[in-house]
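Peer 1: After the structure tokens below, expect a handful of questions from me.
Numbering (UniProt numbering), first residue to last: 1 to 139.
As structure tokens, this is what we get:
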């Protein structure tokens, strides 16, 4: 397996990552239009340069404790085939290079979000949960 890069971000004190090829861009939060009857993890819609895209609150999607808006919040705009979605996160950290020996299988018995995590990346400083974007954006 060739080395690849991930965009890392935080939700509370935990670190998560998304393969960089699935990231279209990272933006500051913009006004979100509420959608009646949407699933609880869907914050609403934003207008991104003329394109209307849904925004998912990753804290709610991963059943983590809610947190108020912070000055470091960002929306990571991801794409999967023709689908474009914004992911609301607490803060974006860095781009991290990942080698095969840094990957570990998802441990069994996780309390929440097990289906949303592909692998765990082991770095010298911390563990980073590598998210499964297709699973996250399915309703």
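Positions of the beta carbon are idealized from the N, C-alpha and C atoms, including for glycine.
Three or more C-beta pairs under 8 Å: does that hold for the stretch 95-107 against the stretch 60-78?
Peer 2: Touching, no.
Peer 1: Name the two residues that bound the continuous alpha helix (DSSP H) containing residue 135.
Peer 2: Note, residue 135: alpha helix (DSSP H), 133-137.
Peer 1: Based on the DSSP secondary-structure assignment, which residues constitute the bridge partners of residue 97?
Peer 2: Paired residues: 5.
Peer 1: Excluding five sequence neighbours on each side, which residues of the same chain lie with their C-beta closer than 8 Å to the C-beta of residue 89?
Peer 2: These residues qualify, in order along the chain: 9, 10, 11, 16, 58, 73, 74, 75, 76.
Peer 1: So, for residue 94: in the same chain, excluding its five sequence neighbours on each side, which residues have a beta-carbon less than 6 Å away from its beta-carbon?
Peer 2: Contacts found: 8.
Peer 1: Less than 8 Å between the C-beta atoms of residue 87 and residue 78, yes or no?
Peer 2: Cβ atoms of residue 87 and residue 78: closer than 8 Å.
Peer 1: Output yes or no for whether 8 Å exceeds the beta carbon distance between residue 32 and residue 50.
Peer 2: Not in contact: residue 32 and residue 50 (Cβ atoms no closer than 8 Å).
Peer 1: Using a threshold of 8 Å, state whether the C-beta atoms of residue 133 and residue 48 are closer than that.
Peer 2: No, they are not a contact pair.
Peer 1: Let's test the definition: count the other Cβ atoms within 10 Å of the Cβ of residue 91 and tell me whether it reaches 16, buried, or not, exposed.
Peer 2: When all chains shown are included, residue 91 counts as exposed.
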